[in-house]
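Chains U and E, in that order, give the protein sequences. Under our numbering, the final residue of the first sequence carries the number 379; numbering is consecutive throughout. Under our numbering, the final residue of the second sequence carries the number 379; numbering is consecutive throughout. Glycine included, C-beta positions come from ideal geometry on N, C-alpha and C. Please read these numbers as outputs of a predicted model, since none were measured by experiment. Okay, structure first, notes after.
Number of protein chains: 2
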Amino acid sequence: MLKRYLLAPGPTPVPSEALLAMAMPIIHHRSPDFLPVLDAAKKGLQWLYQTKNDVLILCSTGTGGMVGAVNNFFSPGDKVITINGGKFGERWTKICKAYGLNTDEMVVEWGYAVKSEIVEEKLKKDTSIKGIFVQASETSTGVYHDIEALARIVKKYENTILIVDAISALVAHDLKMDAWGIDIMIGGSQKGVMLPPGLAFVGISEKAWKFAERSKCPRFYFNFKKERENLAKNQTNFTSPVTLIIGLNECIKMLRKEGIENVFSRHERLADATRKAMLAIGLELFPKESPSNAVTAVCAPSGIDGQEIYKNLREKYGITAAGGQDHVKGKIFRIAHLGYADTFDVITAVAGVEMVLRGMGHPVKLGSGVAVAEELLLK
Amino acid sequence: MLKRYLLAPGPTPVPSEALLAMAMPIIHHRSPDFLPVLDAAKKGLQWLYQTKNDVLILCSTGTGGMVGAVNNFFSPGDKVITINGGKFGERWTKICKAYGLNTDEMVVEWGYAVKSEIVEEKLKKDTSIKGIFVQASETSTGVYHDIEALARIVKKYENTILIVDAISALVAHDLKMDAWGIDIMIGGSQKGVMLPPGLAFVGISEKAWKFAERSKCPRFYFNFKKERENLAKNQTNFTSPVTLIIGLNECIKMLRKEGIENVFSRHERLADATRKAMLAIGLELFPKESPSNAVTAVCAPSGIDGQEIYKNLREKYGITAAGGQDHVKGKIFRIAHLGYADTFDVITAVAGVEMVLRGMGHPVKLGSGVAVAEELLLK
């Protein structure tokens, strides 16, 4: 028997509370049964987003929410900046270009966070820039971009909105949508909210809704105005993904019980313990600054293939973590501490890495990382 | 206690086999665990579609599949015909127009099927028509359009493809994609395949793939070429809706065990019994011809509000059927016999309608419809 542990940055483990609620007989989305379900989900997401704005619920992966954030608020030829510090930043560029936006891509070296001063300089020079697209947590590198700083800048520009892919950051990081002034914030179900894939969430500010009035991209499936009208009636524009929304309510109930501040501090604590344990093992972290609390990217020791670490964790120990993508494939591996994650998920990950490295002939003092993690998680 | 019966045309009841499989711990979509899962789903859908073509699996409602069938194969200005014989036919028109297609809408009176001769006339006169968009089963009216006849016509035209919304027809009707020559056929998870909402399926012929080469609509989320490339590797372009695909495999396993011919004849038998039972009660069917085997639309007796029949079924007897949409709201009610449906679902529906009508003061001979249904279902 090989017990299985899912420590990848999405899908993340789904608590039994949600799995069993989703295994109940299905209800009809246009019947009165569903209205209180969607109402609860709507309010729960507003709580999680720390916003009074609408948070739309879409039947798609998080990427669908990203596409909707482009084709509902912009028009072909609009000037925008995409911040590309990894695989998902690159996705912003691709989406904006697919819809014909005049896209200025700011490439940020993998492992680093965007310098908000540079964004400020660009905006000062060119007030026709309509949107700044960024990730909160860049899953491919394990870096957190400073959203608060970017929001502070973009807020000053009437004709510019800030669009944040918070797909892997939501729940792991304190993102104060209203207080900071984030205009569009995207989440996905299979990350911090502890659900299977299939839902995207999009929080939208009043400032952003004004942009929607002028947008000329073709749209039908991701039509946010229609979704907003339906949401007001506790409905979605097309067939509601009933099952996942029922699961969402269960998961939000768990997060609410924990308390929002505790949710964020749990993620901070787990991430910090993971990082320091990796350092104690003698490994280097991939992020040179501003590490994400959702996922820790770790450099493979020289002479050892990061993909082999990933593979050994899976095959020998039943731990599904993640490898590296694109040009860091083989150079890093990634461990998530996101959503339904606690002390012993970190201990499992750290012990697993120690055992795998020893098995691969790399000199490791067994228990050295675990001791540090225990120390930090005792507090 | 009010036991609940879901007899709506989607979502339809999900068998426990699928619910429990979906309640198992989640697996990662980019891990080796998932490859055989997607491989089985792919092959299962080809079996169900009666095709050797690719059948893409999308994370969206069926409408997402419809959008993809427009924005992947056509360009703004392309001449197409949409057949609008109800709410979902109207959707084809809206999607085609949203993407700037030169859309000739053929309005078919609600309750009637399209006359394929008229489509043939149009194609003869204008060979620049690139696509014919139609529903197999039009859920809003309970009418089945003759897909075989349309396919026979469109096949003759090299520069025209036939796009069939089979969302509610799949499983209920024998749709021979390859043998008839359907070019694009769309399905959805929450109908005949007995799953919760969240998946769209799109079968695509080689003839249609050639159209994709010339298409100039913007696209990113519904990018069928990318999905095809990923499908060949047993992957999806974005995060796979893992849970629903696991459920899909369970449901297809059940359908395969029954045998495809038996699946179709079961739906035909249930639909026929429902229709004749309604006539025996003294009610009129809404379709004047070619009724669907997925859902039966029934006219409310004069002086009785169809929405009240729907409401009474739900509130007094726990039966969730469906009312009418748009201009037939109040005039009809609809009963599905789709997917996880058998003899006693029909008996329940017919008995429920008898009891509701009696309760509303309409003269009904109790058991008159049930007797006819029993008689027919005995065979």
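For this session: Indicate the three-state DSSP secondary structure (helix, strand or coil) for E/H145 in the structure shown.
Result: coil
Problem set entry | Cβ-based burial, E/P25 [other Cβ within 10 Å; buried from 16] | exposed
For this session: Please list, in chain order, all residues of the same chain as U/G64 whose beta carbon is under 7 angstroms from its beta carbon, the five residues on each side excluded.
Result: Closer than 7 angstroms at the Cβ level, and outside the excluded window around U/G64, lie L58, A200, F222.
Problem set entry | CB contact flag (E/A151, E/G181, <7 angstroms) | yes
For this session: Tell me whether E/T127 is buried or exposed, calling it buried when 16 or more other Cβ atoms sit within 10 Å of its Cβ.
Result: exposed
Exercise. Under a Cβ-count criterion, where at least 16 other Cβ atoms within 10 Å of its own Cβ denotes burial, should U/R327 be classed as buried or exposed?
Worked result: Note that residue 327 of chain U is His in the sequence shown, not Arg. With fewer than 16 Cβ atoms within 10 Å of its Cβ, U/H327 is classed as exposed.
Problem set entry | C-beta atoms of U/R334 and U/A322 nearer than 7 angstroms | Contact: yes.
Exercise. Shorter than 7 angstroms from the beta carbon of E/T320 to some beta carbon of chain U?
Worked result: yes
For this session: Could you name the residues of the region 73–92 of chain U whose beta carbon sits closer than 7 angstroms to any beta carbon of chain E, in the order they occur along the chain?
Result: When C-beta distances to chain E are compared with 7 angstroms, every residue of the region 73–92 of chain U stays at or above that value.
Problem set entry | Whole-angstrom distance between U/S368 and E/P391, CA atom to CA atom | With chain E covering 1 to 379 only, the question about residue 391 of chain E has no answer from this structure.
Exercise. So, helix, strand or coil for E/Q105, using DSSP?
Worked result: It is Glu, not Gln, that sits at residue 105 of chain E in the sequence shown. Three-state DSSP puts E/E105 in a strand.
Exercise. Taking Cβ to Cβ, would you say E/F74 is nearer than 7 angstroms to E/S205?
Worked result: no
Problem set entry | Beta-carbon proximity list for E/V154, same chain, < 6 angstroms, skipping 5 on both sides | Within the same chain, E/V154 has close Cβ partners I132, T160, L162.
Exercise. Which term fits U/G77, buried or exposed, when burial requires 16 or more other beta carbons within 10 angstroms of its beta carbon?
Worked result: exposed
Exercise. Just curious, the alpha helix (DSSP H) that E/L283 is in, first and last residue?
Worked result: That residue, E/L283, is in no alpha helix (DSSP H); it is neither H nor E in DSSP.
Problem set entry | Short CB-CB distance (under 7 angstroms) between U/I95 and chain E | yes
Exercise. Are there 16 or more other CB atoms within 10 angstroms of the CB of U/M1, so buried, or fewer, so exposed?
Worked result: exposed
Exercise. Is U/S75 helix, strand or coil by DSSP?
Worked result: coil
Exercise. So with Cβ pairs under 7 angstroms, would you call U/T243 a contact of chain E?
Worked result: yes
For this session: Provide the residue span of the alpha helix (DSSP H) that contains E/V298, from first to last.
Result: Per DSSP, E/V298 lies in no alpha helix (DSSP H) segment; the continuous beta strand (DSSP E) that holds it begins and ends at 295–299.
For this session: Using the Cα positions of E/L231 and E/I27, report the straight-line distance between them to the nearest angstrom.
Result: 18 angstroms
Exercise. Roughly how many angstroms lie between the CA atoms of U/V370 and U/M278, to the nearest whole one?
Worked result: 9 angstroms
Exercise. Is U/P363 near the ligand FMN, going by C-beta to nearest heavy atom under 6 angstroms?
Worked result: Absent from the structure shown: the ligand FMN. Ligands present: none.
Problem set entry | Which residues DSSP lists as bridging E/T320, in chain order | E/L6
Exercise. Would you call E/S60 buried or exposed, if buried means 16 or more other Cβ atoms sit within 10 Å of its Cβ?
Worked result: buried
Exercise. Which runs of the alpha helix (DSSP H), 4 residues or longer, sit entirely within the region 112–197 of chain E?
Worked result: 116–125, 147–154
Exercise. Exposed or buried, what is U/F220 when buried is set at 16 or more other beta-carbons lying within 10 Å of its beta-carbon?
Worked result: Buried, by the Cβ-count rule.
For this session: Taking E/A18 as part of the alpha helix (DSSP H), name the residues at either end of that continuous run.
Result: 16–22
Exercise. Can you name, in chain order, every residue of its own chain whose Cβ lies under 6 angstroms from the Cβ of U/C299, other than the five neighbours on each side?
Worked result: E284, F286, I332
Exercise. Expressed to the nearest angstrom, what Euclidean distance is found between the alpha-carbon atoms of E/P13 and U/F224?
Worked result: 29 angstroms
Exercise. Beta-carbon separation of E/E289 and E/A69 under 7 angstroms?
Worked result: no
For this session: Measuring only between beta-carbons, confirm whether E/P9 sits less than 7 angstroms from chain U.
Result: no
Problem set entry | Residues that DSSP places opposite U/R334 in a beta bridge | U/A297, U/A322
Problem set entry | Beta-carbon proximity list for E/S86, same chain, < 6 angstroms, skipping 5 on both sides | It should be noted that the sequence gives Gly, not Ser, for residue 86 of chain E. Closer than 6 angstroms at the Cβ level, and outside the excluded window around E/G86, lie W110, E138, S140, T141.
Problem set entry | Sequence-distant residues of its chain with Cβ nearer than 7 angstroms to U/A208 (five each side left out) | Around U/A208: F73, I161, D183, I184.
Problem set entry | N-terminal and C-terminal residue of the alpha helix (DSSP H) that E/V242 is part of | For E/V242, the enclosing alpha helix (DSSP H) stretches over residues 242–258.
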